[in-house]
Structures are given as structure tokens and as C-alpha cells.
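>
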Amino acid sequence: MLRIWRILISLKLAVTVIATLALALAVATFVESSEGTKAAQYYIYRALWFYALLTLLGVNILAVALSRLPWRARHIPFLLAHAGILMLLIGSYLTYTRGLDGMMRIDEGDTQSAIELEDHYLVFERNGSVETVSIPWVPSANHFRPSLYEKYGIRSVSYIPWSESKVEFVADDQNAEPAAVQLKVQGPAFMGSVPDLWLWGGDPAWSTLSMGPARFSIVTDPSRLSTPAAVGEAHLIVAVLPNGKLRFRAVSPRGEVKTGEVAVTGLIDPGWKMPIRIAVKKLLPHAKNLSRLIDARVRPMGSSVQPAIEIASLADGKRRHWLSLGDRIPLSGPSGEQVTVGFFPRRVILPFGLRLEKFELKVYPGTQNPAAYQSLVTIMDRVPNAAEDMSKNERLISMNEPLTQGGYTFYQASYIPGQPRPTTTILSVNADPGRVLKYLGSLLIVLGSITLYAIKSFGKRPKEKVKTA
Amino acid sequence: MIIAAMISATVAFATAPTPQSGFSFREARLIPVQSGGRVKPLDEFAREVTLGIFGKRIVSSWEPTELLISLMLDSQSWVAEPIIKIRRDDVRKQLLLPLDRTDFSVQELMQNPAFLQYGEAQALGVEQVDSLGVNSVSKSDPRADEVKRTLQKVQTFRGLVTGDILLLQPKPVPESWGSLASGIKEFNPLTDRFSRLLKSYLDRKPEEFLLASREMRVASLAEMKATENDQRLLQGEVIYNQVRPFLQAMILYLLASLAWMLSRKREVGLKKNYQDVARMVAKSLTFVAFFLHGTGFALRCYISGRPPVSNMYESVIWVSFGVLFFSFLLYRKFGTTLILTTGTMLGGLTLFAADSAPVILDPTIHPLVPVLRSNYWLTIHVLTITLSYAAFMLAMGISNITLWKFLKPSSTAREQMIQQLNQFSYRALQFGTVLLAAGTILGGVWADESWGRFWGWDPKEVWALIALLAYMAMLHARFSGLVGKFGFPLWTVLCFSTVVMAWYGVNFILGVGLHSYGFSSGGQGVMATFLALQFGFCGYVAWRVRVAKQK
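Protein sequences, first through last, are from chains A and B. Per this note's numbering, the very first residue in the first sequence carries number 3; after that it's consecutive. Per this note's numbering, the very first residue in the second sequence carries number 30; after that it's consecutive.
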């Protein structure tokens with residue numbers, strides 16, 4: 003017991019813990035740089051061992067402070083600084099366990115009361131009742147633990163932390179599947195390559211794609227090529243002919259029309275103002291869609307993760323379904339009833355709403371660079387009468403000028419770019435019960451370390467004291 | 030028409046344009062133009078354009094304003110001059126350019142099919158496709174970056190020649206000013222005046238040029254309804270550009286450092302009164318340099334209308350200032366001139382670093398991104414943190430000298446010196462740790478105010494914390510006797526690498542996180558060399574000390 007106590011109050015332990023902490027943090031920043039923010043959180047910042055290390059630091063500080071009992075006046079600076087660190091640690095723990103940090107997105111004129119958080123949930127809906135299960139992010143499928151949700155007859159099978167859709171079509175002449183065509187936009191390709199375009203007639207989601215300033219469509223029936231094109235856009239419409247060739251109709255933004263026929267590996271000149279050609283790389287008169295989600299190789303750091311989860315219904319054991327974040331699917335439950343399973347970010351509904359009256363963006367003169375942006379909102383804490391004037395509830399949220407309401411603080415975080423001006427604001431919403439402790443702790447640290455250095459005599463601590471403690 | 034539209038098929042063997050004698054640009058320099066979101070004098074615009082094309086703010090023997098005018102008037106010659114640098118071999122290979130030289134003319138590039146194709150891709154917005162998520166791109170490819178930079182250089186040249194980027198018709202505040210090009214399309218009295226100014230230069234009539242410049246300047250100021258303060262700002266910026274206070278300060282600091290060194294050298298055999306002279310010289314040089322440094326700083330704040338918190342260049346200048354400040358403080362306390370030798374040397378070298386790479390450390394005054402605007406906490410936070418870097422840098426410098434002393438044969442004088450030096454760097458570390466702790470916490474306060482999170486494990490803040498922890502571990506180790514009189518300077522030097530990482534590395538190497546407004550690239554080689562030399566030196570001294578102990 004005494005030995006443990008001796009270790010706990012030793013400066014050697016302090017030096018080791020501090021140095022280990024520094025090393026762990028350094029590794030974390032490199033993990034973040036290569037594997038993304040979520041991975042750094044998983045392996046370090048939110049890992050159990052990291053909390054243990056911080057706790058050890060706290061225990062070490064507390065033990066050293068207690069070992070100096072009875073405290074004298076010369077101990078004050080030391081006590082202040084180290085009590086500050088303890089408070090900071092406790093405050094951070096409160097923030098982590100009880101705090102809330104999310105995003106709220108509002109369109110002009112709309113009222114919003116939902117906050118979206120960073121954690122993800124599986125949502126089960128049956129007969130109007132809803133239940134949620136947390137699905138923590140894991141860095142790879144190997145870290146995922148499949149579970150069975152017996153009540154609903156649903157099980158989770160696998161997980162992809164960074165999902166990406168892989169497009170694949172194969173010829174399938176047995177079944178009369180619709181045609182697919184693979185196009186490649188050529189011309190501006192140097193270094194950065196333009197991805198291939200697949201158009202497939204079997205699903206509205208696949209039959210029309212937009213790319214940059216142009217739109218591409220496929221129709222199953224060549225006679226429907228002349229369907230009206232999108233107005234004011236470059237639009238290329240194609241159809242596969244029975245002779246295996248491709249017929250196209252290109253419409254320019256000004257409405258000029260060009261038609262023609264090409265075979266595989268041929269080039270389409272759409273006659274648009276942009277100097278581009280479209281190569282026909284592959285033509286499948288009957289194609290089966292094998293497109294699926296795969297683990298993306300690229301882990302961009304700034305962008306948000308797009309996890310996907312694979313689930314299966316026990317009632318229909320063979321079929322598995324991938325759900326990307328935001329997807330939902332109806333499945334059959336244990337007794338054949340319908341269970342809808344969704345995979346969503348966690349949402350918190352506030353007891354009041356915010357209506358965005360106006361979003362304003364100012365740019366630096368003569369440039370497109372934003373200088374400032376702000377949101378004019380009305381706090382909607384109840385449904386207003388028709389005659390009631392809500393303007394007294396109007397508040398302005400701008401950069402560095404947050405709004406505090408009902409224990410939540412709203413910060414101007416970002417906006418969604420739009421033409422001719424952006425009309426959707428993104429607010430960061432935050433509730434932090436550890437704030438007071440953190441501020442107080444910070445103050446003590448600074449005060450303590452200044453006095454610590456100011457009072458020289460502290461450096462000459464009697465060594466015997468430690469041994470007797 | 031005076032302004033010739035750029036034609037790719039120009040005369041191939043034109044002679045290089047040279048500056049003309051007899052012209053005065055003191056009026057032309059002051060003509061207000063709008064660029065990069067603010068109004069600035071033509072002189073500054075000319076320097077920025079020069080940086081944008083040549084990769085440096087001043088081209089030898091050219092007055093920046095004259096170079097600007099020459100580029101516009103004599104574009105037919107300039108287009109054939111090898112003025113654009115492409116350093117990367119692989120890029121030159123990819124563009125099928127000759128590998129035996131690095132400088133190319135605009136014409137050469139404009140006739141290069143691969144380069145043009147890239148330009149078209151940019152104009153078409155292929156990157157839009159990327160942002161749609163169809164083609165996810167990870168970290169940027171350094172080759173693509175180089176091509177992009179080269180494209181920007183060509184575009185700047187082209188924009189200048191066509192008159193598109195020269196905005197000289199004032200408009201009321203939120204609006205964009207009218208360009209020279211638009212003024213040529215539709216008659217505008219100001220552009221007409223500017224054309225006359227250009228014509229008088231072309232006709233080689235210096236008096237007429239000066240007069241036309243003056244008229245142009247007065248007319249523009251009247252048009253923008255300039256207040257006296259606006260005029261003073263323009264003048265201030267021209268003076269700032271002409272004097273180059275940081276460059277002067279750098280030279281003076283280095284000279285002062287030399288003089289301080291001489292004033293201490295008893296072994297060289299200098300007589301006592303020579304030492305006194307050296308001391309006097311050193312003192313006055315240091316004083317003048319510090320005064321210039323401070324004045325330059327104040328002038329820059331005045332021009333930009335904000336504290337210097339926006340980019341790497343400004344932080345380097347500020348750190349250099351801080352090093353001098355702390356060395357004065359320590360000198361006042363301990364009275365050893367060795368502190369000033371170190372301080373002036375470090376200050377001079379830091380300023381040299383700031384001034385020598387304008388492409389990496391961009392000295393241009395840019396307007397602030399929204400999150401950095403008008404925030405009290407931010408200003409204090411950044412200034413405190415960077416000031417702590419200065420204290421650590423001074424401690425690092427002093428500790429390097431301490432390590433150097435360990436190489437000398439052991440003697441009482443040496444031991445005394447080492448003890449003294451350790452005391453100096455310990456004092457510098459005290460300033461550093463308090464400021465870094467306070468600055469990091471203030472950063473938390475600011476983040477809490479702006480984003481609603483006190484601490485978000487953002488790499489920049491994490492590295493500030495790592496630096497703090499590293500020094501804290503070292504100070505605790507010193508306190509408990511784990512490191513002694515040799516370990517202390519050794520670790521002080523080694524710990525500075527965490528400051529390098531927090532200050533430079535996060536922005537230039539990691540390139541992640543919320544502090545993205547400061548991201549850039551370049552200088553990795555220099556930084557790696559610095560760190561390698563430091564580690565090498567530490568290793569060498571440690572080995573020597575070990576050998577000495579064994580004997």
C-alpha cells in the first residue's frame with residue numbers, strides 16, 4: 003500500500019504520464035491526418051485507455067497535493083495550478099458525458115427544432131412505435147460486432163466506416179433487363195480525371211445524371227428521344243437501338259438540337275459551347291445492375307464520414323441489405339408484420355424552434371470571398387396567434403455573436419452555397435454543463451503558474467517531507 | 030488602342046525590356062486601385078502582380094510600378110521572355126517541356142497543348158465534379174499544384190495585359206471597381222487618364238508622365254471620395270513598401286549580433302576601449318533595429334487596420350519581435366550581453382526567414398476570413414501563443430550555446446558559465462510556459478465563443494498542448510532531479526521541435542483541422558534540415574559528454 007502511495011506521489015510518475023500523454027497526442031494528430039478525425043477519436047481521444055491515462059494524471063496530482071498536508075502558505079501557488087488542472091479534467095468529463103454538440107440546418111422561412119448529432123442510430127419502426135439503438139462508429143468491419151435485435155427479428159451483419167458506391171453493370175441477355183451505356187466525357191482531362199458515367203434505363207435514379215454544367219439521360223424507347231430536355235441546361239439524351247448502336251439527341255443551353263448515331267468506341271460531339279466530346283465506352287443492350295457499396299480507399303479528413311450498415315431480417319434469412327446513412331427500408335418482423343429499419347444520425351428535438359427570417363452573406367468588395375455572414379432568426383417557443391407579433395423574439399446570430407436560449411447556445415457555423423444568394427444557414431448548437439468548471443480551472447492554472455514562478459522559495463522543497471508522508 | 034490584346038503568335042526574338050531613365054513614379058505609385066478585397070496603392074498592386082508572375086515581389090533593377098507599366102505596354106516582348114519558373118522535373122516532363130531549364134515564357138506555355146488542356150479543364154470547372162462527390166480526391170497532388178500555380182501565373186499575366194485585373198474606376202463600397210478593360214470598351218474618364226499616363230511613358234516623356242500620374246491620382250481620389258485618412262493609408266503603404274522596415278531591421282540585427290560578439294571576445298586580443306566601441310555600436314544597432322522593427326509593425330497594423338494575426342508571415346515577424354523583447358527583459362535582469370548576442374542573432378535569422386520566401390510566407394496584406402474578424406479573444410489568443418514561441422526560441426538559442434560550452438575543456442569558469450546560462454533559459458522557459466498555457470486556454474475561450482466548444486481536439490490546439498506537455502514534463506523532471514545541468518539544455522533544445530510542429534508543421538505538413546485559414550505548403554526541406562541539424566548537434570554533444578565522463 004505504502005509502495006503504491008510512494009509511486010502515486012512521485013514526480014517520476016508525473017513526468018512519465020505527461021510524456022506519455024504528449025506522445026499519444028502526437029500520434030493522434032498523425033492518425034487524424036491519414037485516417038480521418040473519426041479514427042483518431044476511436045483509437046485515442048475517445049478510447050478507454052486515454053481516459054485511464056487522464057485519470058491517472060488526476061490521481062497523481064491529487065495524491066501529490068495530499069502528500070503535502072498540512073498545507074502551508076508557500077504551497078498555495080502549487081495548489082492553485084494543480085487544482086486548476088483537476089477542475090479542467092472534471093469539467094471536460096462533464097462536457098463529454100452530459101454535454102451536447104450538434105448542428106441545426108434551417109432554410110429561410112422554415113422553423114426548425116431538431117439538432118443533428120454526430121453519433122449514428124438504427125431506428126426501428128413498428129405499428130407506429132419507434133425505438134433507437136446506437137451504432138458507434140468503428141474504423142473497419144473487423145471492429146464491428148454484429149448483433150441480433152430479437153424483438154424485431156432483425157440482425158446487423160456488417161459495417162463499412164467510409165462507404166462509397168461502386169458502379170458495376172454486366173451483360174444479361176437471358177433476362178430482358180433494360181440497356182446500360184458507359185460514357186466518358188473527354189477534353190478537359192489532364193491530371194484530374196473525369197469519372198465514367200453509367201446510364202441505365204432500369205431505375206429512375208440511374209437514368210438521369212448531372213455532371214457539372216451538363217445533364218445526361220437514357221431512354222429505353224428510341225422513339226422517346228424527343229422528350230423535352232431540361233431548359234437552360236446542356237442535355238444529352240441517348241437510347242440503344244436494336245442494331246446495337248447508340249442514337250443521341252444533344253440539346254444546348256440555348257436550345258440548339260443535334261442528333262446522330264454512334265457505335266461503341268465512337269465519339270459524340272454534342273455541339274455545345276464547351277469543347278467536350280463524349281466517348282461511348284461500353285454498350286449493353288441488356289444489363290444487370292450489380293452496383294453496391296464498398297469501403298472507400300480514400301479517407302478525406304475534413305469531410306464527414308459516410309458509414310453504411312448491413313442488416314438482414316430473420317424471416318427472410320438470405321437477403322441482406324446495405325443501409326447508407328439516411329436510408330430506411332421496410333422488412334418483415336418475427337410474425338410477418340412490417341418493421342421499417344432506418345440508419346440515421348441521432349437527432350435531438352428542442353422544446354422550442356428557430357425560424358430563419360433571413361440569411362445574409364457579405365463579401366469583400368471586388369471578390370467572392372465571404373467577409374461575414376449572419377442569420378436573423380425568430381425564437382418560436384409556442385405557436386403564435388395569427389394576430390400576434392413575434393418580432394420581439396427576433397435575434398441576430400453572427401460569427402462570434404451566438405444566441406443563448408433555454409440552456410442551448412447557437413453559433414453561426416456555416417451555410418449552404420446557393421444562387422443567386424445562399425438561403426440555408428447551418429448553426430452549431432451546444433449545451434455544456436462543464437463550462438464553469440473549465441473556465442475556473444483555466445483561471446487557476448494561469449494564476450497558479452504565474453505565482454509559482456514569482457515565488458522563488460518554492461523551488462527549495464525539503465526532501466525529507468516526501469519520505470515521512 | 031494602347032493596350033494590345035495578347036496574341037500568341039508574337040515576334041519570337043524580341044529583346045528584353047529594360048527600365049527607362051528619367052521617370053519618377055512618386056505620383057503613379059499612389060494611384061488607388063482595388064484588388065484582393067481592399068483599396069491599395071498601385072505600388073502594392075504592382076508588387077503583388079510581380080509576385081504573382083515572377084514569384085518574387087521585386088525584380089532586380091525594376092521599380093515595381095514601372096515593371097507593371099512595362100508588362101502592360103510591352104507585352105509583346107514580355108510574352109517571349111522566360112519569366113515563369115517551373116521547378117518540378119516531373120511536371121516539365123508531363124508538359125513535354127525541355128528538362129534542361131526551369132524558366133519558360135508565357136508564349137511557350139500558351140503554345141503547349143497539355144498545359145492549355147489543363148487550363149480548359151480548370152475553366153470548365155472539372156473540380157465541380159470533384160465536389161459533387163463523383164470523383165473523390167484525397168490530398169492534393171503536388172504536381173497538380175505546380176501546374177495550377179503556373180496556370181495562375183499565366184492568367185495573372187493575361188489579366189494584366191487585357192486590363193481585366195486592374196480595377197481603377199472607384200465605385201461605392203460594397204461594389205467591385207470597374208476594370209481598365211471595361212473602361213476601354215465603354216469610355217470612362219479615369220481609364221482615359223490612365224491611357225494618357227501609359228502613352229506618355231511609351232513616348233518617353235518623363236515630365237508629361239509625372240503630370241498625368243498626378244492628375245490620375247487626384248481624379249481617382251476625388252472619384253472615390255477619399256478622406257484624409259484614406260490618403261494617409263495609401264501613403265503609409267507606399268512608405269512601408271519603400272522602406273521595407275523588416276529587411277532593414279534584419280540586416281541591423283545581424284550586424285548588431287556580430288558587434289555584441291566582438292564586444293565579448295577577450296581572447297581575440299581587442300583592447301578594452303575597442304571592446305567599449307564595439308559595445309556602443311552594438312547597442313545603437315540593436316536599438317535602431319528594434320525601433321525599425323516596431324515601427325514597421327505599427328505601420329502594418331495601421332495599413333491593414335487590424336492586429337497581425339492572420340498568416341504565417343505576420344506570426345514570424347511577431348515572434349522575431351518577441352525574441353528581442355524577452356532578451357531585453359533577461360538582459361535587464363542578469364546584465365549579460367551574451368543574451369543580447371543570442372537575441373539579435375535569432376531575431377535577425379527569423380526575419381531573414383520571413384523575407385526570403387515570399388511565395389511560402391506571403392507578405393501580402395489580405396483581408397481576414399470571417400471567423401477571424403473582429404474578435405478580441407482571438408487577437409489576444411494568437412499574440413499570446415506566438416509570444417510564447419518567442420520565449421521558447423530564445424531558450425532554445427541560449428541552450429544551444431550551453432551545449433556548445435560542454436564541448437570545451439572542463440573548468441570552473443565553464444561550470445559557472447553553464448550554470449548561469451541554464452538560469453537564463455530557465456527564466457525564458459517560465460515566460461514561455463505561462464504564456465503558452467494562457468494562450469492555449471484563451472484559444473479555448475475563443476473557440477467556445479465562436480464555435481461553442483472549449484476544446485475539440487483540433488490538431489493545432491493539440492500540438493500547442495503537446496508543446497506545453499513536453500516542456501512541463503521537462504520542468505518536472507528538472508524539479509525532481511531527473512535531468513541535470515546537461516539534460517536541461519539538451520531537452521530545452523529538443524522540446525523546441527514540438528514548437529516547430531505546433532507553429533509550422535500543423536499548417537504546412539499535417540494540413541488538417543479548423544485552423545485551415547493558415548494552411549500552405551513549402552519550406553519542408555528547410556525545416557527538416559533545421560531539425561536534423563539540431564538533433565545531430567544534440568546527439569554529438571551528448572556523445573562527447575559521455576566520452577568525457579567515462580574518462
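Backbone N, C-alpha and C define an ideal beta-carbon position, used for all residues, glycine too.
Across which residues does DSSP place W202 (chain A) in a beta bridge pair?
The residue labelled residue 202 (chain A) in the question sits at position 200 within the first sequence. DSSP output for W202 (chain A) lists A:A182 as bridge partner(s).
> My assumption, with CB atoms under 8 Å, is that R105 (chain A) sits in contact with I92 (chain A). Please give the rounded CB distance.
Numbered from 1 along the first sequence, position 103 holds the residue referred to as residue 105 (chain A). Numbered from 1 along the first sequence, position 90 holds the residue referred to as residue 92 (chain A). Checking the sequence shown, residue 105 (chain A) turns out to be Met, not Arg. That belief does not hold up - the Cβ atoms of M105 (chain A) and I92 (chain A) are roughly 27 Å apart, past 8 Å.
> Mind checking who A374 (chain A) pairs with in its DSSP beta bridge?
For the purposes of this step, residue 374 (chain A) is identified with residue 372 of the first sequence, where counting begins at 1. Partner(s): A:K364.
> What residues from the stretch 62-74 of chain B come within 9 Å of chain A, judged by C-beta to C-beta, listed N to C?
Listed by position along the chain: Q63, S64, G65, G66, R67 and V68.
> Could you give the DSSP three-state label for S219 (chain A): helix, strand or coil?
On the first sequence, position 217 is the one that residue 219 (chain A) refers to. It is a strand residue.
> Where K177 (chain B) and I20 (chain A) are concerned, what is the direct C-alpha to C-alpha distance, given to the nearest angstrom?
Locating residue 177 (chain B) in the second sequence gives position 148, counting from the first residue. Locating residue 20 (chain A) in the first sequence gives position 18, counting from the first residue. About 44 Å.
> Since V61 (chain A) meets chain B, which of its residues come closer than 8 Å, beta carbon to beta carbon?
On the first sequence, residue 61 (chain A) is found 59 positions in, with the first residue counted as 1. Per Cβ cutoff of 8 Å: no residues; V61 (chain A) is ~16 Å from chain B at best.
> With DSSP as the reference, label Y546 (chain B) as helix, strand or coil.
Looking up residue 546 (chain B) in the second sequence gives position 517. Low per-residue confidence applies at Y546 (chain B): pLDDT is 46, beneath 50, and the placement is therefore not dependable enough to give any value.
> Which residues in chain B sit within 9 Å of L13 (chain A), going by Cβ to Cβ distance?
Here residue 13 (chain A) corresponds to residue number 11 of the first sequence, with the count starting at 1. Under the 9 Å cutoff, chain B gives H505, A506, F508, S509, G510 and L511.
> Please tell me whether I447 (chain A) and I87 (chain A) are closer than 9 Å, where the distance is taken between their beta carbons.
The sequence position of residue 447 (chain A) within the first sequence is 445, counting from 1. The sequence position of residue 87 (chain A) within the first sequence is 85, counting from 1. Yes, the pair counts as a contact, with Cβ atoms nearer than the cut-off.
> Taking S451 (chain A) as the query, report the chain B residues whose CB atoms sit under 8 Å from its CB, ordered along the chain.
Within the first sequence, numbered from 1, the residue matching residue 451 (chain A) stands at position 449. The answer, in chain order, is T462, V463 and A466.
> Can you check which of these residues, B:L464, B:F355 and B:V267, is closest to T94 (chain B) by C-alpha distance?
Mapped onto the second sequence, residue 94 (chain B) falls at position 65. Checked all of B:L464, B:F355 and B:V267; the closest Cα to T94 (chain B) is B:V267.
> When burial is assigned at 16 or more other CB atoms within 10 Å of the CB, is P244 (chain A) buried or exposed?
Your numbering for residue 244 (chain A) matches position 242 in the first sequence. Exposed, because fewer than 16 other Cβ atoms sit within 10 Å of the Cβ of P244 (chain A).
> Identify, in the order they occur along the chain, each residue of the same chain with its Cβ nearer than 8 Å to the Cβ of S167 (chain B), setting aside the five sequence neighbours on each side.
Working through the second sequence from its first residue, we reach residue 167 (chain B) at position 138. Because S167 (chain B) sits at a pLDDT of 36, beneath the cut-off of 50, its placement in the model cannot be relied upon, and the following sentence gives the value as read from the coordinates. So no residue of the chain qualifies.
> Jot down the residue ranges of each uninterrupted alpha helix (DSSP H) in the stretch 248-327 of chain B, minimum 4 residues, whole runs only, in chain order.
Counting only runs of 4 or more, we get 257-272 and 274-293.
> According to DSSP, is N432 (chain A) helix, strand or coil?
The count along the first sequence starts at 1 and reaches residue 432 (chain A) at position 430. Here N432 (chain A) sits in strand by DSSP.
> Taking CB distances under 9 Å as the criterion, tell me whether E77 (chain B) reaches chain A.
Reading the second sequence from its first residue, position 48 is the one you call residue 77 (chain B). Chain A, which has no Cβ nearer than 9 Å to the Cβ of E77 (chain B), makes this no.
> Which word fits D232 (chain B), buried or exposed, when buried means at least 16 other C-beta atoms lie within 10 angstroms of its C-beta?
Translated into positions along the second sequence, residue 232 (chain B) becomes position 203. By the neighbour-count rule (16 or more Cβ atoms within 10 Å), D232 (chain B) is not buried but exposed.
> Going along chain B in order, which residues have a C-beta closer than 8 Å to the C-beta of G447 (chain A)?
Counting from 1 along the first sequence, the entry for residue 447 (chain A) is found at position 445. One point to set straight first is that residue 447 (chain A) is Ile, not Gly, in the sequence displayed. Those within 8 Å of I447 (chain A) in chain B are A466 and I470.
> Quick check on the DSSP output: the alpha helix (DSSP H) that includes M425 (chain B) runs from which residue to which?
Taking the first residue of the second sequence as 1, we reach residue 425 (chain B) at position 396. Counting along the chain, the alpha helix (DSSP H) containing M425 (chain B) begins and ends at Y405 to F435.
> For I495 (chain B), return the contacting residues in chain A, with the cut-off set at a CB-CB distance below 9 Å.
Counted from its first residue, the second sequence places residue 495 (chain B) at position 466. By Cβ distance, chain A contributes L23, A24, L25, L27, A28 and T31.
> With a threshold of 8 Å on Cβ separation, who are the neighbours of I46 (chain A) within its own chain once the five nearest residues in sequence on each side are excluded?
Reading the first sequence from its first residue, position 44 is the one you call residue 46 (chain A). A26, L27, V29, A30, V33 and F52, listed in sequence order.
> For chain A, is any of its Cβ atoms less than 9 Å away from the one on T527 (chain B)?
Looking up residue 527 (chain B) in the second sequence gives position 498. Answer yes: the Cβ-Cβ gap between T527 (chain B) and chain A drops below 9 Å somewhere.
> List the whole-angstrom C-beta distance separating L423 (chain B) from V352 (chain B), where the pair is believed to meet the contact cut-off of C-beta under 8 Å.
What you label residue 423 (chain B) is simply residue 394 of the second sequence in a count that begins at 1. What you label residue 352 (chain B) is simply residue 323 of the second sequence in a count that begins at 1. Indeed, because the Cβ distance is near 5 Å, the residues count as touching under 8 Å.
> How many angstroms separate the CA atom of S293 (chain A) from the CA atom of W208 (chain A)?
As a position in the first sequence, residue 293 (chain A) is number 291, starting the count at 1. As a position in the first sequence, residue 208 (chain A) is number 206, starting the count at 1. Approximately 11 Å, taken between the alpha carbons.
> In three-state terms, what does DSSP make of V338 (chain B)?
Mapped onto the second sequence, residue 338 (chain B) falls at position 309. Here V338 (chain B) sits in coil by DSSP.
> Measuring CB atoms only, is the stretch 49-63 of chain B touching the stretch 232-252 of chain B, in the sense that at least three cross pairs come out at less than 8 Å?
Flag = yes, the stretch 49-63 of chain B and the stretch 232-252 of chain B touch.
> Taking all protein chains shown into account, do 16 or more other C-beta atoms lie within 10 angstroms of the C-beta of L150 (chain A), making it buried, or fewer, making it exposed?
One-based indexing of the first sequence puts residue 150 (chain A) at position 148. Classification of L150 (chain A): exposed, given that the 10 Å Cβ count is below 16.
> For chain B, find out if any of its Cβ atoms is closer than 9 Å to the Cβ of K260 (chain A); answer yes or no.
Start at 1 with the first residue of the first sequence, and residue 260 (chain A) comes out as number 258. No - not a single Cβ of chain B is within 9 Å of the one on K260 (chain A).
> On the premise that W91 (chain B) lies in contact with S430 (chain A), defined as a C-beta separation below 8 Å, what is that separation, rounded to the nearest angstrom?
The residue labelled residue 430 (chain A) in the question sits at position 428 within the first sequence. The residue labelled residue 91 (chain B) in the question sits at position 62 within the second sequence. So it is not a contact: roughly 49 Å between Cβ atoms.
> Sort out for me which residues DSSP pairs S334 (chain A) with in a bridge.
Along the first sequence, read from residue 1 onward, the residue named residue 334 (chain A) stands at position 332. Paired residues: A:Q340.
> Consult DSSP for P353 (chain A) and reduce its assignment to one of helix, strand or coil.
Taking the first residue of the first sequence as 1, we reach residue 353 (chain A) at position 351. Strand at P353 (chain A).
> For L239 (chain B), which residues in the same chain have their Cβ closer than 7 Å to its Cβ, ignoring the five residues on either side in sequence?
The residue given as residue 239 (chain B) occupies position 210 in the second sequence. If we look at L239 (chain B) and ignore the five residues flanking it on each side, its Cβ neighbours are S53 and E56.
> Give the residues of chain B in contact with N395 (chain A), contact being defined as C-beta atoms less than 8 Å apart.
By one-based count along the first sequence, residue 395 (chain A) stands at place 393. Simply none; closest approach about 21 Å.
> Beta-carbon separation of N340 (chain B) and D391 (chain B) under 9 Å?
Sequence index remark: in the second sequence, residue 340 (chain B) carries index 311 (1-based). Sequence index remark: in the second sequence, residue 391 (chain B) carries index 362 (1-based). Yes, these two residues count as a Cβ contact at 9 Å.
> Name the residue from A:A216, A:S400, A:G203 and A:Q308 whose alpha carbon lies nearest to the alpha carbon of V253 (chain A).
Residue numbering aside, residue 253 (chain A) sits at position 251 when the first sequence is read from its first letter. Looking at the Cα atoms, A:A216 is the closest of the given residues.
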